[in-house]
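I have placed the structure first, in the form of structure tokens, so that the comments after it can refer back to it.
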Amino acid sequence: MIFYMHKDDFPFFKNNPKLIYLDNAATSQKPKVMIESLTNFYENENSNMGRGIYTLSQNVKDKFDSSKQKIASLINASPDEIIFTQNTTHSINQLVYTIDSLFDWNEIKSLKEKGIVPEILLTEMEHHSNLVPWQQFAKHLGWKANFIKLNQKTFELDLDDASKKFSVNTFIFSITQASNVLGVINPVKELIKLAKQKNSKCICIVDAAQSIPHLFDEVDVKELDCDFLAFSGHKIYGPSGIGILYGKKELLSRLRPFYYGGGMINEVNLESFTPADLPLKFEGGSQNISDIITLGESVDYLNKVGFKKIISYEKELENYTLKKLGEIKQIKIYHPVSSSSTIPTISFSVEDFHPHDIAHFLSEENICVRAGHHCCMPLMTVLGTTEGLVRISLSFYNSKEEIDSLFLALKEFISLNSNSSQEKRQQIYDLYKNPENYGNISSPTHSSHIHNPLCGDDMTLQIKINKKINKIEDIKFNGKGCAISFASASLLTDLIKSKSLTKDQIMKLKKEDVLDLLEIPISSVRLKCALLPLEAIHKALENENEK
């Protein structure tokens, strides 16, 4: 069965027939029925809900409620337990800013008086969106954030460490159900049970942004016994701008609203108000009606294709991808190979090459992958790969033929950049491995630090100027970066030193000078990498160090 032929359901691929899209963990493409639903709403149904007595408004309210029911049914929840947000990040932040209303603060105060610090437990593999908000929550309230360690051999959580980290003082436990880097599915049900055994009052939150798109109705909130669960519409073939926050009804009834305003109020006077019943209590202001209705159409579409068929096909494709990548000896795979508890998200590195350079080459071959730290910097530190990784994330509209194309492109990349006949390109990679003027200067007169968040380039530039003759005595850089940024820094610093350029001459250097030095085509995506050293040099010269 050639299951990926459902690709015909997605207009994006008709309009981009040569593109191989392997970045589904970032966002999914949209089926035609979803796009038609969105168009139909604005062409034929556009109106607001609430107190509209007219038929058009009532019909929209019915569709809104129907969509909420579909989403609730997907995770085995009640519609009253579904809150619409902007995305997973927004869902978690909304919870962080209101979860204090669920705790007995006299009990917390009593614990602190006894020298006991309340704890939040996370894992080392969390996305920044499920790490930074809780990190800041802990700092603000004087709580302690603990982390379950990763087993670096299996790429799974260390369950022995987890059993030690849960305690009677663990009041919040928040975990990703599936890693957006490693593709591992965590044993969330078992960990939540352990959390509740240690402290029955522990609030357990699940980040399901990566799991729902591949597990669908297997993510059952009742079976997991989670207190809250968050995911995004755009990752499950729906529109951007819609997130879902599930919460147990008992907890939502106690949880303080995040938004106040029209639609979430039962009664109001000049001194106070009473909130509306669930779920209206959390639906202040005009909702994103069109996208919510449209998300329901995406859920219907996935139901029609068949959840189990999708899961089965994606597992087959995942195994095929792992097999092909494993045939390239220079590749290291960061993904549980022997475990069945995974989603088709596979990260890897290629020996001696920066992930951004690999992704750039694949882009030139019309293959879309993601490269960098994937919003998981602490995980990259644990893995010992601070430069990041290349990530492939698959969907049921991908095919083995596309994986074959990826395989051949990776082989070509390694071959090209290992072939000395590719003289200039080889020089770039030589300067990446052995950069010129790399290190520190004793007592520099000028310095700067600059960062490129796109690929993680992080550079410190140091200059020592002889003020009597206004010329450079020495110039060096250090830090981490891709081949393009390191080669650019090496060539620029060499030019400045060999030509004994003055400060004024250096400040006149521009983009074209850098590109002339590199002598290879630089795409718009990589231009920031190439120009980062020049920006650092100019910034350093503008800021003289204090004596």
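First residue of the sequence shown? That's 2 in our numbering, and the numbers climb one at a time after it. A virtual CB, placed ideally from N, CA and C, is assigned to each residue, including glycine.
- In chain order, what residues of the same chain lie with their CB nearer than 7 Å to the CB of residue 425, ignoring the 5 residues before and after it? 520, 521
- Message: Taking the straight line between their C-alpha atoms, what separation do you get for residue 233 and residue 44?
- Response: Taking the straight line joining both Cα atoms gives about 26 Å.
- First through last residue of the beta strand (DSSP E) which encompasses residue 490: Careful: residue 490 lies outside any beta strand (DSSP E), inside the alpha helix (DSSP H) at 484-499.
- Task: May I ask you to report which of helix, strand or coil DSSP gives residue 201?
- Result: coil
- Which parts of the segment 353-377 are runs of the beta strand (DSSP E), unbroken and 3 residues or longer, counting only runs that do not cross its ends? 371-373
- Message: Suppose you measure from the CA of residue 517 to the CA of residue 478; what does that come to, to the nearest Å?
- Response: 20 Å
- Task: Going by DSSP, name the residue or residues bridged to residue 229.
- Result: 206, 248
- Message: Which of the three DSSP states is assigned to residue 151 in this structure?
- Response: strand
- Residue(s) in a DSSP beta bridge with residue 480: Paired residues: 460.
- Item | Residue nearest to residue 452 in terms of C-alpha spacing, selected from 545, 533, 411, 236 | The candidate whose alpha carbon is nearest that of residue 452 is 533.
- Item | Three or more C-beta pairs below 8 Å linking the segment 298-315 and the segment 246-263 | no
- Whole runs of the alpha helix (DSSP H) within the segment 31-101, excluding any shorter than 4 residues: 33-41, 56-75, 89-97
- According to DSSP, what are the bridge partners of residue 146? 121
- Distance between beta carbons of residue 76 and residue 189, contact taken as under 8 Å: Between residue 76 and residue 189 the Cβ distance is about 13 Å, and since that is not below 8 Å, they are no contact.
- Identify, in the order they occur along the chain, each residue of the same chain with its Cβ nearer than 7 Å to the Cβ of residue 156, setting aside the five sequence neighbours on each side. 183, 185, 335, 336, 337
- the segment 148-166 / the segment 200-211 touching (three or more Cβ pairs under 8 Å): no
- Message: Nearest by alpha-carbon distance to residue 488: which of 473, 434, 459 is it?
- Response: Among 473, 434, 459, the Cα nearest to that of residue 488 is on 434.
- Thinking just about the alpha-carbon of each residue, which of 431, 545, 80 is nearest to the one in residue 486? 431
- Starting from the C-beta of residue 463, find all residues in its chain whose C-beta is less than 6 Å away, skip the five residues before and the five after it, and write them out in chain order. 442, 445, 448, 477
- Item | Alpha-carbon to alpha-carbon, residue 327 and residue 12 | 33 Å
- Message: With three or more C-beta pairs closer than 8 Å as the rule, is the segment 211-228 touching the segment 172-183?
- Response: yes
- Item | Spatial neighbours of residue 63 in its chain, beta-carbon cut-off 7 Å, leaving aside the 5 residues before and after | none
- Is the beta carbon of residue 23 sitting closer than 8 Å to the one on residue 395? yes
- Task: Report back the beta-carbon spacing between residue 369 and residue 36 to the nearest angstrom; my notes put them in contact at under 8 Å.
- Result: Not quite, the Cβ-Cβ distance comes to about 20 Å (not below 8 Å), so this is no contact.
- Use the C-beta contact count for residue 349: other C-beta atoms within 10 angstroms, 16 or more gives buried, fewer gives exposed. buried
- Message: So, for residue 16: in the same chain, excluding its five sequence neighbours on each side, which residues have a beta-carbon less than 8 Å away from its beta-carbon?
- Response: none
- How long is the line joining the alpha carbons of residue 1 and residue 331, rounded to whole angstroms? Summary: the structure shown does not reach residue 1, with the chain confined to residues 2 through 548, and so no result is reported for it.
- In terms of residue numbering, what span does the beta strand (DSSP E) encompassing residue 268 cover? 266-269
- Task: Output the distance between the C-alpha atoms of residue 282 and residue 515, rounded to the nearest integer angstrom.
- Result: 57 Å
- Query: With which residues is residue 174 paired in a DSSP beta bridge?
  - Reply: 122, 205
- Task: Under 6 Å Cβ to Cβ from residue 104, same chain only, skipping five residues before and after it: list those, please.
- Result: none
- Message: Under DSSP, the beta strand (DSSP E) around residue 350 begins and ends at which residues?
- Response: Note, residue 350: beta strand (DSSP E), 346-351.
- Message: Please tell me whether residue 173 and residue 162 are closer than 8 Å, where the distance is taken between their beta carbons.
- Response: no
- Message: Here's the rule: buried if 16 or more other CB atoms are within 10 angstroms of the residue's CB, otherwise exposed. What is residue 228?
- Response: buried
- Task: Report all residues from its chain with a CB closer than 8 Å to the CB of residue 376; omit the five preceding and five following residues, and keep chain order.
- Result: 128, 129, 130, 181
- Query: Which first and last residues belong to the alpha helix (DSSP H) in which residue 214 is found?
  - Reply: 213-216 is the span of the alpha helix (DSSP H), which, as asked, contains residue 214.
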